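Residue numbers (my numbering), protein chains in the order written: chain R, 6 to 153; chain G, 6 to 153. For every residue, glycine included, the Cβ atom is placed at its ideal position computed from N, Cα and C. Note that the structure is predicted; figures quoted are calculated from it, not measured. Following: one structure in structure tokens, then a few remarks.
There are 2 protein chains.
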Amino acid sequence: MNDVAMPIGQLARSVGCKVQTIRYYEQIGLLPPAARTAGAQRRYGEAHRQKLSFIRHARELGFPLPAIRELLALAHEQDSDCARADGIARRQLEAVNRRVAMLMSLRSELERMLKHDHGNRIRDCRVIATLADHGLCIEAHHADGADS
Amino acid sequence: MNDVAMPIGQLARSVGCKVQTIRYYEQIGLLPPAARTAGAQRRYGEAHRQKLSFIRHARELGFPLPAIRELLALAHEQDSDCARADGIARRQLEAVNRRVAMLMSLRSELERMLKHDHGNRIRDCRVIATLADHGLCIEAHHADGADS
DNA sequence: GCTTGAAGCTCTAGTGACTGTAGGTTTTAG
DNA sequence: CTAAAACCTACAGTCACTAGAGCTTCAAGC
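See the structure below:
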């Protein structure tokens with residue numbers, strides 16, 4: 006294993022993210038500053054790789070960076086209570102559940118829009134009509150929080 | 006019906022969005038500029054309300070603003086072909102399907118993380134462990150990888 | 001007609017989580 | 001020793017809003 010002295014590009018490839026993302030994480034203090042060569046290039050070891058991997062994995066699960074920051078702090082204090090980490094994950098699960106539910110209803114509406122589209126002219130187009138008239142929806146999706 | 010001369014706040018409430026959002030849509034040219042009172046306040050009629058409703062509905066369905074812009078243009082030329090609108094909706098459906106699939110796998114991992122969490126100390130915490138070790142995943146979520 | 005408070009106005013900056021670009025320097029393979 | 005790839009900093013841009021400062025206008029009650 007090339008445990009030490011890994012340049013940033015190699016680290017990026019090894020965890021599947023962009024070089025700039027790593028620099029960004031360092032900039033906002035999510036990753037500790039890397040060691041530098043005489044020419045000021047970053048060099049990483051296994052500890053950094055693991056931490057970055059943790060961050061990326063949590064990001065893929067949809068955790069926002071503040072939550073990840075908290076999880077990282079928690080992971081460091083080995084004897085602290087698990088309940089906080091548990092709570093963060095639970096909140097994340099609830100957010101995921103909400104998003105899934107919303108997307109499923111959106112999907113059914115899109116499918117319905119496409120299935121019933123008989124006209125080949127805009128004035129008969131179900132897609133446009135459905136979007137224009139909220140009343141044509143089966144379900145109301147205007148839950149609350151705008152989601153990205 | 007107060008068909009004409011509706012101020013921005015009332016319009017915002019009637020479609021369930023923020024006042025700033027409406028001004029933003031006007032600014033980026035998604036909504037045509039409103040009529041103004043002598044004192045330069047915006048006043049809206051039914052046509053504006055319908056257009057804004059269309060936009061909000063499409064946003065709730067996950068359409069990005071450029072796609073909505075295209076749909077609005079399409080809806081205007083009443084005799085153009087429906088295929089383009091259809092294509093946009095179809096692409097959107099595919100995106101929604103991908104997102105649902107991803108979120109479902111994320112959900113199952115989050116549930117697994119929480120279910121198997123027996124330790125009440127961080128060192129036994131499944132949540133932290135799962136995030137730390139990518140190998141504990143059932144499925145890999147790293148959709149695309151610019152890997153060697 | 002006058003007052004008052006809610007609602008409106010513009011303009012600017014901030015959000016989250018990156019991504020891209022310009023212009024220069026360092027490393028590394030041949 | 002050279003040339004190309006990878007690296008560096010610093011800053012601007014993305015998307016779709018959201019928030020705030022500091023001011024003006026509107027509508028209702030008296």
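CB residue i to CB residue j, shorter than 8 angstroms?
i, j, result
"G/L79", "G/R89", "yes"
"R/L66", "G/L111", "yes"
"G/D91", "R/V132", "yes"
"R/L159", "G/L136", "Residue 159 of chain R falls outside the range modelled here, since chain R spans only 6 to 153, and no answer is possible."
"G/L98", "R/E116", "yes"
"G/P12", "G/R47", "yes"
If you count every other CB in all the chains shown that lies within 10 Å of the CB of residue i, and 16 or more means buried, which is it?
i, result
"G/Y49", "buried"
"R/A39", "buried"
"G/R96", "exposed"
"R/I33", "exposed"
"G/H121", "exposed"
"R/H81", "exposed"
"R/R61", "buried"
Hey, how far is the Cα of residue i from the Cα of residue j?
i, j, result
"G/G14", "R/I73", "38 angstroms"
"G/A100", "G/A94", "10 angstroms"
"G/A134", "R/P71", "19 angstroms"
"G/M169", "G/G44", "Missing from the structure shown is residue 169 of chain G; chain G here goes from 6 to 153 and no further."
"G/R104", "G/F68", "13 angstroms"
"G/C87", "G/Y30", "25 angstroms"
"G/E51", "R/M118", "25 angstroms"
"R/R28", "R/H53", "12 angstroms"
Check the Cβ-Cβ distances between residue i and every residue of chain G, and say whether any is below 8 angstroms.
i, result
"R/L70", "no"
"R/L66", "yes"
"R/R96", "no"
"R/V24", "no"
"R/H121", "no"
"R/H53", "no"
If we cut at 8 angstroms on Cβ distances, does residue i have a partner in chain R?
i, result
"G/I133", "yes"
"G/R112", "yes"
"G/E167", "Residue 167 of chain G falls outside the range modelled here, since chain G spans only 6 to 153, and no answer is possible."
"G/A78", "no"
"G/M109", "yes"
"G/Q32", "no"
"G/L36", "no"
"G/V105", "yes"
"G/A90", "yes"
query = Do the segment 18-35 of chain G and the segment 50-67 of chain G meet, that is, are 3 or more Cβ pairs less than 8 angstroms apart?
reply = yes
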